[in-house]
Amino acid sequence: MTEMGLNQTQLAEKCGCSHRKINEIVNGKRAVSPEFALVLERVLGTTAEMWVRIQAEYDLWVARQKVA
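Heads up: the sequence shown begins at 0 in numbering that gives the first Met the number 0, then just goes up one per residue.
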């Protein structure tokens, strides 16, 4: 995000969502849904698949921490 020159507020505005939603995603308190991955794809020029994959990898990491 910062690599693209955007702060959380700016990204929220571009995505049409609240700053709180972006902040919760960034801080691991909210997941990136497939629907929001499509929004990020449109806004950031990335792929939705990338965001879904990142979310899945994070979810797996969290699960490993709980099991370990």
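Glycine residues also receive a C-beta, built at the ideal position from the N, C-alpha and C atoms.
Less than 8 Å between C-beta atoms, sequence neighbours within five positions excluded: which residues of the same chain meet that for leucine 5?
Answer for leucine 5: Lys13, listed in chain order.
Please report the residue range of the alpha helix (DSSP H) in which leucine 39 lies.
Looking at the DSSP string, the run of the alpha helix (DSSP H) that includes leucine 39 is 33 to 43.
With distances taken from CA atoms, which of Val61, Val66 and Pro33 is nearest methionine 49?
Per the Cα distances, Pro33.
Taking only three categories from DSSP, how would you classify leucine 59?
Looking at leucine 59 - three-state DSSP - the assignment turns out to be helix.
Buried or exposed: where does leucine 10 fall if 16 or more other Cβ atoms within 10 Å of its Cβ makes it buried?
It counts as buried.
What number of angstroms, rounded off, separates the C-alpha of methionine 3 from the C-alpha of glutamine 64?
The alpha-carbon atoms of methionine 3 and glutamine 64 are separated by roughly 30 Å.
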